[in-house]
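Residue numbers (this note's numbering): 25 to 677.
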C-alpha cells in the first residue's frame, strides 16, 4: 500500500487553481473534477474572488491595469522607433544648420502651436528588412528574487516537493557589453549562476532595466540546453510554459512586472545544472543641458507595498505579500543589500561610444573607469575591477564639442502605416517666456528609505526653491511618510517671515515610516485651486513603492491644469515612476546623485521651473493621420530640454 500511495496524483498548488479560474489551467481540470478537496478549495477561492471584486480597491486596480495596458501599446512604438530616433539625433547634432521647426526671428508664446508637416515620401525611411513593429513583450521565464544585474541571485523553489523556496543560486559573474550610437544604447548582459541543488527546481529572477528600455532578445543556457525566448502574448506564453513544464521540458517565461522591473522564471532545472542568462535591450540616452547620460541599473531598491495581504499562496517569493492594492507584491520585492560596496571581480562592464561628433568631458560620477579614445568622436570604456566597487547604478556622462541639438523629424513606413519621431529644441534667444504667478506646492518624502543623504539633498533643494520664488507666488509645504501633513492648511504669501518659518519647519522634519506616496499626491492636488495662479508641484522622493499604476492614475485624475515636477534623490531611485509622474504632470524629472555637485543641479532645476519657454503646447499634424502619440499630453518646453514625441500614423498625409 505504501508503494502505491506514492503514485497517486498530487493536488495542484493554489497558484495552479488560480490559473484554472482564469481559464489557463486546463491540464488540471480532470483532476479537480474528481477531487472533492480541490473542488472545496476552488469554491472558497471563487467566493473570495467575488467578494474582492466588489471592493473599491478592485475597481481601482482594474482601472489602473487598463491604463497600463494602453501604455504598453504606446511603448511598443518606442521599440520600433529607437533606430529612427538615433538617426534623428545624428541629424540634429551633426547638421544643426538644417531647418528648425522654430522660424527664425519668430516667437513662441504661451499657448503656441507647433506645426509638424507631413513627411514627404522621400523623407520616409523603409523599415530595415521589412520588419514590422515589435509585438509587446509579455513573458519569457526564470523565476526570481535577485537584487539587480550586479548582485542578483536566483531563488529556487523545489518542484519535487512543491513546498516553496529551496534557496538561492550563486551568481558567479556578470558581463555587460554596451554600444552607443547617437543617443541610443544597445546593451547585452550575460550572467552565470552556479546550481547547488540536488533535486529538480524552478527558479525566479528579478532584474532592473533603464527607463524606456525595450527587450528584444533573450537566451537561456541550462546545462547543455539552449532556450531562446520568444515574444508572445501573455496568455499564450503562460499556456506554453505550463505545458512544457508539465512535460518535463525546459521552459522559460519572462514577465514585466513594471516597465523598469522584469521577472524571469525557468522550470525543470536538474540537479547541479548551471544557468546562463543572456539578455539584450535597447534604450535611449538621457539628454540634459548638452550632456548625454548612460545609466546601467545595478540595484533594485526596496519597494513599499501598501494594502491588505491577500489570502492564499503568493505568486512569488519576495519579502512582501501580494495585497489588494499591489497584486504582484511578492514578485517585485526581492531581498536587497544596503547601499555601500561590493566585489568588483564578479562584474565586467564595457561601453563603446560613437557620438558622430567630437566628445568632450567624458566621466563617471559613480565609478572608476578606464577610458581609451581611438578618435575624437569615439570612446572605449571599462569599469575598473577594483576589489571593492560602489554598490549603486553606473552612470557615464559626456558632452559633444561645440554642438547643440536642433529640431528634427524622422519617419519610417511599414505595412498599414508607419512611425515617426519628432524632436523640438528651440533656442532660448528665439523665445520670450513670460513670468506666471504660481501657487508653489513643495512635497517631500520623509519615509525611512529617505534617511541620510536623500532627505538632506531634498531639503537643500527645497530651501533653494523657497528662496527663489517670484514676489507674487504663494506656497505650501507638505511632507508624507505613512500619512501626509502640511506646514499650513492653506497657501501662504511669499513673505520673508513665512519663508523663514517654513525653512525652520523643513529642517526639523525627521525620516521614518512607510512611503505612502498616494497621500502626498492627494494632499497636493485634491483641494481647491487659486484661479489667479498656476499650481506648480515639486515632488521629491526616491519613489520606491509598488503601486505605481494606482499613483499615476490618481495623479492624472486630480491634476487638472496644474504642473508637477519630480526630483529623484539617492544612489538608486525608481526612474520609471518619477519620469512618468513628470510626464503626466506636464513637467520634467531630474535625478540628483549623492556623489555629484548639487548646487548647479539645484540652480538649473529652479531656473527652468520659474520660466518655461513654452506652455500649453499643441501639435497640429496637418493632413497626417496620427493614430497614437507618446506622450499623450504634450509637456511644456524648457530651456535645454528637447521635447521628443514619437507616434504612429495610419497613412501618409
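Even for Gly, the Cβ is constructed at its ideal location relative to N, Cα and C. The structure displayed is predicted, hence computed values, not measured ones.
CB contact flag (residue i, residue j, <9 Å)
i	j	result
residue 202	residue 423	no
residue 437	residue 386	no
residue 505	residue 536	yes
residue 640	residue 594	no
residue 549	residue 575	no
residue 523	residue 493	yes
residue 317	residue 419	yes
residue 218	residue 243	no
residue 489	residue 562	yes
residue 469	residue 544	yes
Pick from the options that is closest to residue i, judged by C-alpha positions
i	options	result
residue 486	552, 502, 317 and 583	502
residue 466	665, 630 and 208	630
residue 310	600, 243, 641 and 514	600
residue 296	536, 225 and 649	225
residue 638	646, 592 and 665	665
residue 479	250, 194, 38 and 530	530
residue 383	372, 404, 371 and 586	404
residue 642	610, 69 and 663	610
residue 538	568, 649, 499 and 510	568
residue 308	237, 662 and 244	237
residue 515	497, 527, 509 and 525	497
residue 583	657, 460, 591 and 632	657
residue 460	612, 57 and 632	632
residue 581	662, 602 and 551	551
residue 587	435, 636 and 313	636
residue 319	585, 598, 435 and 401	598
Contact belief for residue i with residue j at Cβ below 8 Å, rounded distance in angstroms
i	j	result
residue 627	residue 560	The pair is not a contact, with the Cβ atoms about 17 Å apart (cut-off 8 Å).
residue 214	residue 302	5 Å
residue 199	residue 305	That pair is no contact at about 15 Å.
residue 510	residue 547	6 Å
Rounded separation between residue i and residue j - CA only
i	j	result
residue 196	residue 220	12 Å
residue 474	residue 540	13 Å
residue 376	residue 204	6 Å
residue 669	residue 53	48 Å
residue 210	residue 614	23 Å
residue 653	residue 446	11 Å
residue 294	residue 222	8 Å
residue 647	residue 607	26 Å
residue 163	residue 526	Caution applies to residue 163, whose pLDDT of 26 falls short of 50 and renders its modelled position unreliable; the model cannot decide the point.
residue 624	residue 378	28 Å
residue 616	residue 667	21 Å
residue 44	residue 65	12 Å
residue 558	residue 397	48 Å
residue 380	residue 315	15 Å
residue 291	residue 216	17 Å
residue 578	residue 519	32 Å
residue 393	residue 207	20 Å
residue 441	residue 448	23 Å
residue 55	residue 248	34 Å
residue 1	residue 675	It is not possible to answer for residue 1, since the shown part of the chain is limited to 25 through 677.
residue 644	residue 443	17 Å
residue 63	residue 227	29 Å
residue 372	residue 312	27 Å
Exposure of residue i, with buried meaning 16 or more beta-carbon neighbours within 10 Å
i	result
residue 554	exposed
residue 604	buried
residue 491	exposed
residue 408	exposed
residue 417	buried
residue 672	buried
residue 40	buried
residue 660	buried
residue 34	exposed
residue 572	buried
residue 388	buried
residue 495	exposed
residue 70	exposed
residue 399	exposed
residue 321	buried
residue 592	buried
residue 508	buried
residue 651	exposed
residue 67	exposed
residue 435	buried
Closer than 8 Å: residue i CB and nearest the ligand ATP heavy atom
i	result
residue 626	Among the components of this structure there are no ligands whatsoever, and the ligand ATP is therefore not found.
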